[in-house]
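Okay, structure first, notes after.
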Amino acid sequence: MRNILTVGLTTILSAGILWASSPTDRPERTHGYGLGRPATDQEIWAWNIDVAPTGEGLPAGQGTAKQGAAIFAARCATCHGPTGQEGPMDRLVGGAGTLASQHPVKTIGSYWPFATTLYDYVHRAMPFPAPQSLLPDEVYSVVAWLLYRNGIIAEDVVVDAHSLPGISMPNRQGFLPDPRPDIPKP
Amino acid sequence: MTKYLQEERPSGDDGRPDAEGESLLNRRGLLAGAAGLVGAMLMGSVTPSAEASTEGSPEDPTRVPGAAPTAYGQRSAFEKSARIPRSWWSSLTPLQDSHGILTPSALHFERHHNGVPTIQPTRHRLLIHGMVDQPWTFILDDLKRFPSVSRLAFIECSGNSGSEWRGPAGQTAQQTHGLTSTSEWTGVALKTVLQEVGVNPDASWMLAEGSDAAAMTRSLPLAPILEEAMLCYAQNGEPLRPEQGYPLRLLIPGWEGNTCIKWLRRLKLGRAPFMTREETSQYTDLMPDGTARQFTMVMDAKSVITSPSGGQHIQPGFVEIRGLAWSGRGRITLVEVSTDGGRSWQQATLQEPILPKCHTRFHFPWQWNGEDVILQSRCLDDTGYRQPDRATLVAVRGINSVYHYNAIQSWHIAADGKVSNVHA
Chain U
1 MRNILTVGLT TILSAGILWA SSPTDRPERT HGYGLGRPAT DQEIWAWNID VAPTGEGLPA
61 GQGTAKQGAA IFAARCATCH GPTGQEGPMD RLVGGAGTLA SQHPVKTIGS YWPFATTLYD
121 YVHRAMPFPA PQSLLPDEVY SVVAWLLYRN GIIAEDVVVD AHSLPGISMP NRQGFLPDPR
181 PDIPKP
Chain Z
1 MTKYLQEERP SGDDGRPDAE GESLLNRRGL LAGAAGLVGA MLMGSVTPSA EASTEGSPED
61 PTRVPGAAPT AYGQRSAFEK SARIPRSWWS SLTPLQDSHG ILTPSALHFE RHHNGVPTIQ
121 PTRHRLLIHG MVDQPWTFIL DDLKRFPSVS RLAFIECSGN SGSEWRGPAG QTAQQTHGLT
181 STSEWTGVAL KTVLQEVGVN PDASWMLAEG SDAAAMTRSL PLAPILEEAM LCYAQNGEPL
241 RPEQGYPLRL LIPGWEGNTC IKWLRRLKLG RAPFMTREET SQYTDLMPDG TARQFTMVMD
301 AKSVITSPSG GQHIQPGFVE IRGLAWSGRG RITLVEVSTD GGRSWQQATL QEPILPKCHT
361 RFHFPWQWNG EDVILQSRCL DDTGYRQPDR ATLVAVRGIN SVYHYNAIQS WHIAADGKVS
421 NVHA
């Protein structure tokens, strides 16, 4: 009843790639135990909140930095500072050019590789005391404001499901796959 | 602006040990009412006080009847070993007090991203969707009906020992290494559940999402995890602790802790990583040239002497050096101990069981003659990987990578027997 899966683990790891799609056998459907049930559309709709770099998962709606300024001041600034730099919690703005320095400042502008991640995360986890409480227009607006303050887009750019995946982040090329083992043998 | 804004709360300020003592007293009080004669005898010998049982301990326990059985046991009221709740985000396992390889569930380190949710098990569901034959929902009872598997495995936060990149920071083994713990985990193999649902052959990544206030998410490459990943509902013989993901968590033995998504509610199969905040902004290792490594999932081999360790005092004479070693790549094959700051090394004894991707206990008998010395341990795993010294690790990674610090730990023993954290 069970399939034996042969997984090309060593090949994949030693190739040093990001485990990109590889020719491996997949679990084929068996329903061997007859457990669980088909998910309803409603169940999927309620939880399917992730946003991929392609933009898949972005909802309808839109916003600009101008609209975002007021939302940030009201809902975010107590923890991230009036300009997104003062804290006390994570710094969201600035830090350009510091990554190779003694004291790197990792922010949306200096570090984040994808603009879509910002929609995903702000919607799923912020504001910290009330996650998932912002409406799509509010998330788009505050995302636009954060991108604008980081010098990535102009103040009047309309951020929506169409434009967000196309916004290129300064550190887009800054990430490399795990090269370990990286420690020379004694 | 509540407690999570206080980054570094003083340790122990939530008064855990006291709270335990109190509940013990309450239980005794209750028992006394309910259990007639035994209760009356108990009350006669135990003076009620806020500090409970330690005060009432008799001079000679052979002359007084002991306590009655209890419904859910407590440790001895004399024992105070505790996690250090370091901030709103985490608490550290007291490794310096540990024996053997198992971490008591109550002392398993904690790391979460917006608090520990309270989840009613009968309402919890796991949704599996995306590139599958048909989106599928399981309730907890469904998952418990599948063939079960148990295994001992460590979970280590990739930030464990991260304070040590820039210099000796933690004072105790708890502070330097307390973000690792070992439990026996029980659940169903991920593969079994995915087979039940049917995965599209082109799916190569899986998003796992938690049901906490961070809706914590990680993208996981399917091929390397399929053989060992488990959906766990139990830890050390009982349902998971709330802070360990009750009622359901992912376990990927040997991988950094944050991939073992707690309070698991959703698995979505896809073609590419989803690039969540927790695998871009966080949990990526910044290198000296300003690039960052992404998806550094496996925890490399590491060891630490847990006793004697920072903050302790030792006496001249016989001292058994005790410690833990582990590797996310496999089994520990050798632990060596140095009592001269790394100039010479001697083989330690490995205590059975020696399991892959699990804490392994080591011992080394030693006579301390009262001299100023530096103790170190280093380990080797069955892939041939040897735990590096600090200089070698820093030469490759710099000091800004935050995560995956696994260098040899040095404990300095001063002539007065005081042990402290140094970088040698």
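These protein sequence lines are chains U and Z, in that order.
Going by my numbering, 73 is the number at position 73 of the first sequence; the sequence numbering is gapless.
Going by my numbering, 227 is the number at position 227 of the second sequence; the sequence numbering is gapless.
Just so you know, even glycine gets a beta-carbon here, dropped at the ideal spot from N, CA and C.
Annotation: the segment 145-203 of chain Z contains the following complete segments of the alpha helix (DSSP H) (minimum length 4 residues), in chain order: 173-177, 190-197. According to the DSSP assignment, Z/Cys232 belongs to no alpha helix (DSSP H) but to the beta strand (DSSP E) extending over 230-235.
With contacts defined as CB atoms closer than 8 Å, Z/Trp89 and Z/His112 qualify as a contacting pair.
Partner residues in the beta bridge of Z/Phe364, as assigned by DSSP, are Z/Ile321. Annotation for Z/Val337: the continuous beta strand (DSSP E) segment containing it runs 332-338. Taking CB atoms only, U/Gly81 has no neighbour in chain Z less than 8 Å away. Proximity of Z/Glu196 to chain U, defined by a Cβ-Cβ separation below 8 Å, is satisfied. According to DSSP, Z/Pro65 shares a beta bridge with no other residue.
When secondary structure is reduced to three states using DSSP, Z/Trp205 falls in the strand class. Contact of U/Tyr148 with chain Z is not assigned, every C-beta pair being separated by 8 Å or more. According to the DSSP assignment, U/Pro136 belongs to the alpha helix (DSSP H) that extends over 136-149.
Nearest CB-CB separation between Z/Lys262 and chain U: not below the 8 Å threshold.
Within the segment 336-419 of chain Z, complete alpha helix (DSSP H) segments of at least 4 residues are found at 390-397, given in chain order. Z/His112 carries a coil assignment under DSSP once its states are collapsed to helix, strand and coil. Scanning chain Z for C-beta atoms nearer than 9 Å to the C-beta of U/Ala96 yields nothing, as the closest lies near 11 Å away.
Contact of Z/Val335 with chain U is not assigned, every C-beta pair being separated by 8 Å or more. Using a CB distance below 7 Å, the part of the segment 376-410 of chain Z facing chain U consists of Tyr385, Arg386, Pro388, Thr392, Leu393, Val396, Asn400, ordered along the chain. Close to U/Thr117, with beta-carbon spacing below 7 Å, are these residues of chain Z in chain order: Met275, Thr276, Arg277, Thr280.
Here the alpha carbon of Z/Ile84 sits roughly 9 Å from the alpha carbon of Z/Gly178.
In this model, U/Thr78 and Z/Pro69 are separated by some 51 Å (Cα to Cα). Chain-ordered, the chain Z residues with CB closer than 9 Å to the CB of U/Leu176 read Met287, Thr291, Ala292, Arg293, Gln294. Using a Cβ-Cβ cut-off of 8 Å, Z/His129 counts as an interface residue toward chain U, since at least one Cβ of chain U sits closer than that to its own. Going by C-alpha positions, Z/Asp300 is about 21 Å away from Z/Leu375. The beta-carbon of U/Glu43 is placed less than 8 Å from the nearest beta-carbon of chain Z. The way I'd put it, the segment 43-55 of chain U does touch the segment 111-124 of chain U; three or more beta-carbon pairs between them come closer than 8 Å.
When Z/Ala325, Z/Arg125, Z/Ser204, Z/Gly245 are compared, the shortest CA-CA separation from Z/Ile225 is found for Z/Ser204. Residues of the same chain with a CB within less than 6 Å of the CB of Z/Lys262, apart from the 5 flanking positions on each side, are Gly210, Gly245, Arg249 in chain order. Under the 10 Å beta carbon count, Z/Glu243 is surrounded by 16 or more other beta carbons and is classified as buried.
Per DSSP, reduced to three states, the secondary structure at U/Glu86 is coil, with no helix or strand assignment.
Taking a contact to require three or more Cβ pairs closer than 8 Å, the segment 327-339 of chain Z and the segment 379-386 of chain Z qualify as touching. The beta carbons of Z/Phe154 and Z/Ser181 sit closer together than 8 Å.
Short of 7 Å from the beta carbon of U/Asp160, and not among the five residues preceding or following it, lie these beta carbons of its own chain, in chain order: Gly61, Gln62, Tyr140. With a cutoff of 8 Å on beta-carbon distance, U/Leu164 and U/Leu58 are scored as near each other.
Inter-residue distance for Z/Ala82 and Z/Thr339 is about 29 Å (C-alpha atoms, whole angstroms). Using a CB distance cut-off of 8 Å, U/Gly166 does not count as an interface residue toward chain Z.
Between Z/Cys260 and Z/Glu59, the alpha-carbon positions lie close to 48 Å from each other.
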